[in-house]
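Beneath this line is the structure, given in C-alpha cells, with notes to follow.
Numbering (the working numbering), first residue to last: 315 to 622.
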C-alpha cells in the first residue's frame, strides 16, 4: 500500500505481512504516486521517471520495461505493467512483452496467473465509448466479446441512445466462468431541466456455460458504478460502488448473494468522506483498503476488516 503525501512530504510504500506494517525507505525522486508492480514479498517496481526497483535492501534505478513499445507504463498489477498497446510481465529476471489485442488498455484486473485487461475507445466519428475486454491465456492476450445490452426498464433515454458500458472489474470464478462489473450509462432529459444528464446504473454481467446473464446493481443517486469486486467463496460477490463525488463522497461496499444485494457500512468517524481503493477476501474475512479525508483536506490511509 502507499500513504498519500502531505504538503512537502514524500510517498511512502508499506507492506502488510498479516500482523505488522513494514515501511520502505523513501524512494528517490518526486512525491507523485506512480503505478507500481509488486514482484513478490520483497521486490517492488515503481514506474516513475526514472523507473525505480526495490531489491529487498535498497532502491535502484532501472530501464523502463515498455520503452521499446513506444510508451510509458500507465497501469500495473502484481507482476504486470501495461501501456496502450503492450503489456510487460516480470518473470523474476526479465520483462516479457506481449501485444494487446484491444485498441486501448486502460486498467488491469484479476490475478498474476490470470490477469484481465479492461479498456475502451471512441470509435471514429462517434462520441460513444466502446468497452473492450481481454484475458491472458498463458501465452497471449485474447479479446473477449462483450454482450449486447438493453437499457434498464425505467430508463428514459434520448432518441437513438442505446447506452454504453463502462468496465470496472473482472472476477474469475471457475473454468470459463467469470463476472464483469461496471456501470451502464445513457443520456436523458431530467424532469426539471432541458440539458441532458447521464444517469448510470451499476451492473454485474456473469458468463457461465457460454451464456451471459445480467444483474443490475443497487440504484444510487450519489454513486455510479462498480469499481472492484472479489468472490465471496460461496458463489456471491463483494463489490465496491464508487462515488461520483471524488473528494467529498463515500464509496459503498455491497455483497451479492443468491441474487440479492446487501450493503455493509464501513466504520468512519463523524461520517467523513472516504474512498475504497482495493478489496481482498481471505477465507471469511473481507479487507477494504482506502483513504479517509478530513475537513482540512488531509488524507489518512485506512484498512477495514470485516469478519463473516
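Built from N, CA and C at the ideal position, the CB exists for glycine as well.
Reference residue i, options the options, closest by Cα
i, options, result
"residue 485", "502, 431 and 532", "431"
"residue 541", "618, 556, 527 and 467", "556"
"residue 521", "500, 459 and 410", "459"
"residue 584", "606, 454, 376 and 575", "606"
"residue 512", "378, 505, 500 and 506", "500"
"residue 464", "454, 472 and 478", "478"
"residue 598", "621, 586 and 428", "621"
"residue 456", "412, 471 and 489", "412"
"residue 451", "445, 532 and 490", "490"
"residue 340", "326, 332 and 348", "326"
"residue 619", "612, 568 and 600", "600"
Cβ-Cβ separation, residue j to residue i (assumed contact under 8 angstroms), whole Å
i, j, result
"residue 480", "residue 443", "7 angstroms"
"residue 366", "residue 342", "7 angstroms"
"residue 530", "residue 466", "6 angstroms"
"residue 516", "residue 497", "5 angstroms"
"residue 502", "residue 472", "6 angstroms"
"residue 368", "residue 357", "6 angstroms"
Proximity of residue i and residue j at Cβ, strictly below 8 angstroms
i, j, result
"residue 402", "residue 350", "no"
"residue 282", "residue 418", "Because the chain is modelled from 315 through 622, residue 282 falls outside the range shown and cannot be assessed."
"residue 426", "residue 393", "yes"
"residue 495", "residue 553", "yes"
"residue 404", "residue 359", "yes"
"residue 590", "residue 602", "yes"
"residue 395", "residue 415", "no"
"residue 514", "residue 539", "yes"
"residue 588", "residue 558", "no"
"residue 423", "residue 488", "no"
"residue 580", "residue 544", "no"
"residue 574", "residue 566", "no"
"residue 328", "residue 334", "no"
Opening and closing residue of the beta strand (DSSP E) in which residue i lies
i, result
"residue 523", "Run containing residue 523: none; DSSP gives neither H nor E here."
"residue 413", "409 to 413"
"residue 361", "Neither: residue 361 is in no beta strand (DSSP E) and is coded neither H nor E."
"residue 391", "389 to 391"
"residue 619", "613 to 621"
"residue 423", "419 to 424"
"residue 467", "Element bounds for residue 467: n/a, residue is neither H nor E."
"residue 337", "335 to 337"
"residue 375", "373 to 376"
"residue 471", "Here residue 471 belongs to no beta strand (DSSP E), and DSSP marks it neither H nor E."
"residue 428", "Per DSSP, residue 428 belongs to no beta strand (DSSP E) and is neither H nor E."
"residue 404", "400 to 404"
"residue 486", "478 to 488"
"residue 395", "394 to 396"
What beta strand (DSSP E) runs, 3 residues minimum, are completely inside the stretch 524 to 611? Those beta strand (DSSP E) runs which fall completely within the stretch 524 to 611 and span 3+ residues are 525 to 530, 537 to 545, 551 to 557, 566 to 571, 574 to 578, 588 to 596 and 599 to 607.
Considering only residues of the stretch 494 to 525, which uninterrupted beta strand (DSSP E) runs meet the minimum length of 3 residues and lie entirely inside it, listed in chain order? The qualifying runs are 514 to 522.
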